[in-house]
């Protein structure tokens, strides 16, 4: 069984994680007058990337999921970032 996409409820907006040929992408929906509704990609996860690189990208996605602290970092613990990474890896097939 392969999961094609999931939606994670974020602090201010929902994050959509979609499977791609070589991994997954995490995006949020944006609106603009010129383009209308479109997906803004936050991060692209490739199966062949190192765990550290995928974790760093998951920390960026966690900023949208949990919000930001006073220093602009994700308002999330290490285990919360790992939870985000695990969900993304389920979609990516890692």
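In my numbering, the protein residues as written are 1 to 94.
C-beta: ideal position from N, C-alpha, C; glycine also.
Note that the structure is a prediction, hence the values are computed from the model and not measured.
Following the DSSP letters along the chain, one finds residue 40 inside the beta strand (DSSP E) bounded by residues 36–46. Per DSSP, the unbroken alpha helix (DSSP H) holding residue 54 starts and ends at 51–66.
Sequence-distant partners of residue 66 (beyond 5 residues in either direction) whose C-beta falls short of 7 Å from its own C-beta, in its chain, are 11, 74, 75, 76, 80. The Cβ-Cβ distance between residue 57 and residue 43 falls below 7 Å. Secondary structure of residue 18 (DSSP, three-state): strand.
Note that the C-beta distance between residue 27 and residue 14 is not below 7 Å. Residue state for residue 6 is assigned as strand, using DSSP reduced to three classes.
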